[in-house]
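Student:
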Amino acid sequence: MKKISFIISATLLSVFFFVSCEDDQEICGEDTTARLIIKFYDEATNEVASKSGVISTTEFTDYTFSSQDSIQLPLSLNNSVDTLFYRTSTNATDVDTIALSFTRTEEYVSKGCGFKINYTNVSATLGTSSKTLKKLEWNPNLVDANNQISITNETEAQMFIYF
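Residue 15 is where the sequence shown starts when you use the working numbering, and the numbers rise one by one after that.
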């Protein structure tokens with residue numbers, strides 16, 4: 015009798031163990047929605063430059079950075095436009111703007127990750143009253159045959175800003 019109850023207990027325990035294991039697709043081990051990566055350059059030398067400042071988004075989130083040559087910013091998940099506001103410090107009164115527009119498309123990743131947002135047809139315009147930012151360019155490696163930019167991953171900087 016003890017042997018039968020041991021076999022039943024071991025069988026139930028084994029079944030419980032295998033049923034309770036999570037499927038690898040239930041776990042999302044990657045960032046899904048890509049962020050805009052901006053790399054900073056010195057306009058006079060055309061070389062990468064470390065900058066400090068504060069960039070705010072339309073959603074009023076401040077991203078403060080110090081002595082960095084690049085920054086990663088999330089784009090809007092709800093709108094098809096976004097505005098970046100650059101200041102040299104939190105208290106600075108001069109604000110430069112970059113207006114972004116894009117098309118958002120959803121892509122199914124997996125059961126654990128759900129959907130991610132890809133940004134296509136991305137365009138940017140530097141504000142006309144810009145004092146600190148001199149120009150912006152898209153990474154030429156990311157421009158497609160139709161002269162369009164898409165932000166689908168974080169493998170390299172998409173935008174270059176010159177000071």
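Beta carbons: idealized from backbone N, C-alpha and C, even for Gly.
Just so it is clear, the structure is predicted and the values come from calculations on it, not from any experiment.
Which one or two residues does DSSP pair with N167 in a beta bridge?
Tutor: Along the sequence shown, read from residue 1 onward, the residue named residue 167 stands at position 153. Per DSSP, none; premise fails for N167.
Student: Check each candidate in P154, R118, A63, F129 and name the one with the smallest Cα separation from S90.
Tutor: As a working mapping, residue 90 is identified with position 76 in the sequence shown. If we check each option's Cα against that of S90, R118 comes out closest.
Student: Taking DSSP's pairing of strands, which residues face E120 in a bridge?
Tutor: To locate residue 120, count along the sequence shown from 1; it is residue 106. Paired residue(s): I131.
Student: So, under 8 Å CB-CB, E168 and A48 are touching, yes? Tell me the CB distance rounded to an integer number of Å.
Tutor: Counting from one through the sequence shown, the residue named residue 168 turns up at place 154. Counting from one through the sequence shown, the residue named residue 48 turns up at place 34. About 5 Å separates the two Cβ atoms, so the contact holds.
Student: For N93, which residues of its own chain have a beta-carbon under 8 Å away from its beta-carbon, when the five flanking residues on both sides are left out?
Tutor: Position 79 of the sequence shown, counted from the first residue, corresponds to residue 93. Closer than 8 Å at the Cβ level, and outside the excluded window around N93, lie T72.
Student: Take T97 as the anchor and find which of C127, F116, T134 has the nearest alpha-carbon.
Tutor: Counted from its first residue, the sequence shown places residue 97 at position 83. It is F116 whose Cα lies nearest to the Cα of T97.
Student: List the DSSP bridge partners of R49.
Tutor: Taking the sequence shown and counting its residues from 1, one reaches residue 49 at position 35. DSSP, once it has assigned bridges, lists no residue as partnering R49.
Student: Measuring CA to CA, which of N160, P154, L150, N105 is closest to Y176?
Tutor: Against the sequence shown, residue 176 aligns to sequence position 162. Measuring from the Cα of Y176, the nearest candidate turns out to be L150.
Student: For R101, does the three-state DSSP call read helix, strand or coil?
Tutor: Position 87 of the sequence shown, counted from the first residue, corresponds to residue 101. In the structure shown, R101 sits in a strand (DSSP, three-state: E or B).
Student: Run through DSSP, which three-state label would L89 get?
Tutor: As a working note, residue 89 is residue 75 in the sequence shown. Coil.
Student: Can you name the start and end residues of the beta strand (DSSP E) that T78 belongs to?
Tutor: Start at 1 with the first residue of the sequence shown, and residue 78 comes out as number 64. Element bounds for T78: 76–82.
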